[in-house]
Amino acid sequence: MREVYNFKAIEKKWQKAWEESNIYIVEEDESKEKYYVLEMFPYPSGKLHMGHVRNYSIGDVISRYKKMKGFNVLHPMGYDAFGLPAENAAIKHGYLPDKWTYENMGEMTEQLKELGLSYDWDRQVATCNEDYYKWMQWIFIQFFNNGLAYKKESPVNWCPSCLTVLANEQIVDGGCERCGTEVTKKNLYQWYLKITDYADRLVDGLDDLDGWPSKVKIMQKNWIGRSYGAEVLFKIENTDLNIKVFTTRADTLFGTTYVVLAPEHSLLKELNLSDEVREKLNNYVEETNKKSEIDRSSTNLEKTGVFLGIYAENPVNGKKIPIYVSDYVLMGYGTGAVMAVPAHDERDFEFAKKFGLDILPVIKPEDDSVDVNNLTEAYVGDGVMINSGEFNGKHNRTVIKEVVETFSKEGIIQSKVNYRLRDWLISRQRYWGTPIPMIYCEDCGWMAEKEENLPVLLPKDVEFTGKGESPIATSKSFQNAVCHKCGKPATREIDTMDTFLDSSWYYLRYCDARNSEKIFDKKKVDYWMNVDQYIGGVEHAILHLMYARFFQMALSDLGFTSGNEPFKNLLTQGMVIKDGRKMSKSIGNVVTPAEIIEKYGADTARLFILFAAPPEKELDWSDDGVEGAYRFLNRVYKLAFVAQEKCHNNDCSYTLSSKDDKELAFVLNKTIQKVAQDVGERFNFNTAISSIMELVNAMYKYKELPNFNEGLFRDAVNKLVLMLAPFTPHICEEMWESLGYEESVCLQSWPEIDEEALVRDTVEIVVQLNGKVKLKMDIQSDMTREDMQSMLLEDEKVKQLVDGKNIVKVIAVPNKLLNIVLK
RNA sequence: GCCGGAGUGGCGGAAUUGGCAGACGCCCAGGACUUAAAAUCCUGUGCUCUUAAUUGGGCGUACCGGUUCGACCCCGGUCUCCGGCACCA
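Quick note on the working numbering: the first sequence kicks off at 173 and runs consecutively.
Right, dumping it as structure tokens:
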């Protein structure tokens, strides 16, 4: 062992050794308990950033720790490799996206290996590999065959100048990100997945996910937006037509003074309107379509609308009420029509004021704090019913149910649950994604490609111009197909899938990544699943995590896997920032992993990033902090060197002879206990590291003592190296070897705790007067409350403290404190 | 607007179940080593008054109040910042 910590040589040496010995390859092993730790796989942008380092360092510590604790650990890595940046690069450079993507993946793999992460690379997946997207297509076909995938017409964002479809992220301030042209809508037939069928299970399942941050669960709940209410039928005068509305406030039904339809409502075509109104309506609908993209983000839109000149009947009191069209009613939610109760809804109130419509209060506050007959704003609180016939005088909350019960008998109202969640639009008019394996025959309609023909490969004879529908449309070979039913010429779907599909099941494929016969062997999946610990950025709190849960549920229903929830525990790590701001090129505050590894090595980078903040919090990058982490590793390295010099054999047996020995043994074992807790249970790596630092400080003091105990010191060094190994594997492997061990530190067990060393003869307690600390003293440990109290009250120092004053009360907490309350 | 979360020294952060606030690290200061510097090692380091003193006291976890022998922690209210959703009927 050299005296100087040469991280460059050490890290290279061990990375090579680990790779050559296949130390991270795992197999199913029924004799061991499994542990599946997974970090969200990256998009192969080419360069690793600090966010990646943080994410993967966290996963690596957990993985290595669990392995030391005897688990059979699955810790895989791969790439979420389809997506827009590769396609943009293709447009820019004029070659296919695969070149750019595969080069980037190669670079990133190298960087990941430089960090010393314990991945089983044999299980690597890349979603753009044929042997991956083949199974993606296979899943889509299972969904299609089971009614979970369907096609319908819906609008996309369209740039009239580039003649191309834009993703939401490609719209900047209502304009195309490339040319700035105002974005319009265009209707296309697109594929959907029926995620709404799973809305209830997706909400209810959250309650059992104890290992998820409540923040994420609430976000998903809000996103799905389940609300209980009722559908009410309003008859349109002089017709057989009804308007169906959804409401969560059936109690306000008597206060309905008009009805509003969304501009896109299908009923509008069927209504018999005057020419004048019809023209106004058409103009309004056109206006709405135009402004939707630009003004969507602006808050407090002024209410606009058109009176249709016709009336409906309030089913509960027979009142004649006008029918309006307004864009404040959304077609995509509920029935696309609402009953308006201006007295008790802010939006309706605003609209009614503007159009001079009746405002009829039906609820008044119990304390009459608001005069509901002269409202200046909607009264949205609870209270007592008025103007509501038989319900008058009752509390409105109880009336919600009663109204539904009463009028459901007459068939005008019906309980109904609504969701904010819509079905998942998965068609993308893009090249670099999984081709949707569907064929269209004019006579027979849509059909799935046959399983033996999978994968439907991405064509190579395509052009990337940035214009037109999709580069795939430029392929001559791709679109031609044959109908499986009638044998006539047919066409192939040219759209590809949203890349969120690819990442919705990769954790399953890792369980059996090289299977060429099947998507995966169910036995293997059953062995490894669920993911015991999932780690990633909070930006995926809603979409990715919800889609993955949906896939797991659907695949489970179809019998391919078991269980509803893929991720038992979730850790969402915070961002890495510098000087209070996000690292970004434009601010010029980016620190790259590469430069840190070059200057200090991977171990230092890992250690700092885990030490600087608890994982779920933001991490403020500090160059001085990195320096400190590096200093610490040098101190540790020196301890191993001292052990070699001072301890003349590998013998770790010893007896604790002095007080100093006992103290060091205590600190050592306390540290083992604390680190195990912090890493294994709390994921507080920062405090785990700080307690290891305390141990190191204690060892520095100990090594200078005249009555230095070789065996004890040697044992402490060994255990220190073992405890630190999950955090900084390279330096620990080097020290472990120098200490004379042949088997890799990665394969060692977590050090055992010597319970006896944790027992202390004395313990420091605090004496308080009226809750204020006055004295600290050592007393015999584990005294009973009574013994402690009577002994301390007899103590001279304590007596002095009390000074003959009147003791009102004494609180004694064993091994902790004594509080004397004086008058 | 609605729903979450947070607020602790000069800085990052600790305090796990209501029981010593500020662990650990950074910064800074002093000392040892050195011809010198760097590195390293050691010591100090919440604020404030007081003292010959490393003496003695007061204040202190965003702010105001409450519960308690005792509150960073629990309760009520206020402010600020961050995140998510946003005309969802």
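Every residue, glycine too, gets a C-beta built ideally from N, C-alpha and C.
A quick note: this is a predicted structure, and the numbers were derived from the prediction, not measured.
DSSP on Gly383, reduced to helix/strand/coil? In the structure shown, Gly383 adopts extended strand secondary structure according to DSSP, grouped into three states.
Cβ-based burial, Thr424 [other Cβ within 10 Å; buried from 16] = Buried is the call here.
- Determine the DSSP secondary structure at Glu799, reduced to helix, strand or coil. Helix.
* To do: Could you tell me the boundaries of the alpha helix (DSSP H) in which Tyr305 lies?
  => Under the DSSP assignment, Tyr305 falls in the alpha helix (DSSP H) whose first and last residues are 302–317.
- request: Determine, using beta-carbon pairs with one atom in the stretch 891–901 and one in the stretch 853–865, whether at least three such pairs fall under 8 angstroms.
  value: Output reads yes: the stretch 853–865 touches the stretch 891–901.
Beta-bridge partners of Tyr208, as assigned by DSSP:
Per DSSP, the beta bridge partners of Tyr208 are Leu246.
Worksheet item: Thr934 lies in the beta strand (DSSP E); which residues open and close that run?
Response: Note, Thr934: beta strand (DSSP E), 934–941.
Which runs of the beta strand (DSSP E) at least 3 residues long sit entirely within the stretch 610–664? Give them in chain order. Counting whole runs of 3 or more residues, the stretch 610–664 contains the beta strand (DSSP E) stretches 610–613, 617–620, 652–654, 661–664.
Review point. Which value, in whole angstroms, describes the spacing of the CA atoms of Ser217 and Trp190?
Key: Going from the Cα of Ser217 to the Cα of Trp190 covers about 26 angstroms.
### Message
Am I right that Val478 and Leu453 are in contact with their C-beta atoms under 8 angstroms? What's the rounded C-beta distance?
### Response
5 angstroms between Cβ atoms; contact.
6 angstroms CB neighbourhood of His221 in its chain, flanking five on each side removed: Beyond the five residues adjoining it in sequence on each side, His221 comes within less than 6 angstroms, by CB distance, of no other residue in the same chain.
Kindly confirm or deny that the stretch 586–606 and the stretch 660–669 touch, where touching means at least three C-beta pairs closer than 8 angstroms.
-> Flag = yes, the stretch 586–606 and the stretch 660–669 touch.
By a C-beta neighbour count over all protein chains shown, 10 Å radius and 16 as the cutoff for buried, is Arg778 buried or exposed? Arg778 is classed as buried because its beta carbon has at least 16 other beta carbons within 10 Å across all chains shown.
Exposure of Asn194, with buried meaning 16 or more beta-carbon neighbours within 10 Å: Exposed is the call here.
Does DSSP classify Phe418 as helix, strand or coil?
-> In the displayed model, Phe418 falls within a strand according to three-state DSSP.
Requested in this report: Look at Ala837 and Trp922 and say whether their C-beta atoms are less than 9 angstroms apart.
Outcome: In this structure, Trp922 does not lie closer than 9 angstroms to Ala837 by Cβ.
### Query
Ile408 and Ala484 look like a contact to me (Cβ under 8 angstroms); what is the Cβ gap, rounded to whole Å?
Right, the Cβ-Cβ distance comes to about 5 angstroms (below 8 angstroms), so this counts as a contact.
Legend entry - Close beta carbons around Ser756, own chain, < 6 angstroms, minus the five adjacent residues each side: Counting only Cβ-Cβ distances below 6 angstroms, and skipping sequence neighbours, we find nothing.
* Asked: What residue from Val337, Asn444, Pro487 has the CA that sits closest to Gly481's CA?
  -> Nearest to Gly481 by C-alpha distance, out of Val337, Asn444, Pro487, is Asn444.
Exercise for the section: Starting from Pro327, trace the beta strand (DSSP E) both ways and give me its first and last residue. Expected result: Note, Pro327: beta strand (DSSP E), 321–331.
Cβ-based burial, Thr471 [other Cβ within 10 Å; buried from 16]:
For Thr471, the predicted model reports a pLDDT of 47, less than 50, meaning its position is unreliable and no value from the coordinates is stated.
Same chain, Cβ closer than 6 angstroms to Ile768, neighbours up to 5 away in sequence not counted: Closer than 6 angstroms at the Cβ level, and outside the excluded window around Ile768, lie Ala777.
Looking at Lys239 and Cys918, is the spacing between their C-beta atoms short of 9 angstroms?
Cβ distance < 9 angstroms, so Cys918 and Lys239 count as in contact.
I'd like the list of long-range same chain contacts for Cys294, defined as Cβ closer than 7 angstroms, with 5 residues on each side in sequence excluded. Sequence check: residue 294 is Asp here, not Cys. Around Asp294: Ile197.
What is the residue span of the beta strand (DSSP E) that Trp793 lies within?
Trp793 -> beta strand (DSSP E) spans 791–793.
Three-pair Cβ contact test at 8 angstroms for the stretch 546–553 versus the stretch 527–538:
Taking 8 angstroms as the limit for Cβ pairs, the verdict is that the stretch 527–538 does touch the stretch 546–553.
Considering only the beta carbon of each residue, do Glu906 and Met173 sit closer than 9 angstroms? Their beta carbons are under 9 angstroms apart, which means Glu906 touches Met173 by this criterion.
- prompt: Alpha carbon to alpha carbon, how far is Ile951 from Ala785?
  reply: So the two alpha carbons sit approximately 36 angstroms from each other.
Checking 9 angstroms against the spacing of the C-beta atoms, do Thr663 and Ile611 come in under that value? Thr663 is a Cβ neighbour of Ile611, given a cutoff of 9 angstroms.
*asked:* Need the endpoints of the alpha helix (DSSP H) that Gln601 sits in, please.
replied: Gln601 -> no alpha helix (DSSP H), and no H or E assigned at all.
Next on the checklist: Rounded to whole angstroms, what is the Cα-Cα separation between Thr637 and Thr336?
Outcome noted: When rounded, the distance between both Cα atoms is 10 angstroms.
Would a C-beta distance cut-off of 9 angstroms place Glu183 and His902 closer than the cut-off? Cβ distance < 9 angstroms, so Glu183 and His902 count as in contact.
**Asked** Among Glu205, Tyr430, Gly760, which residue has its Cα nearest to the Cα of Ile749?
**Response** Minimum Cα distance to Ile749 is reached at Gly760.
- Query: Which residues bound the beta strand (DSSP E) around Lys475?
  - Reply: Neither: Lys475 is in no beta strand (DSSP E) and is coded neither H nor E.
| request: Report the three-state DSSP secondary structure of Ala298 (helix, strand or coil). | output: It is a strand residue.
Among Trp186, Glu192, Leu246, Lys180, whose alpha-carbon lies nearest the alpha-carbon of Glu211? Checking every option, the nearest Cα to that of Glu211 belongs to Leu246.
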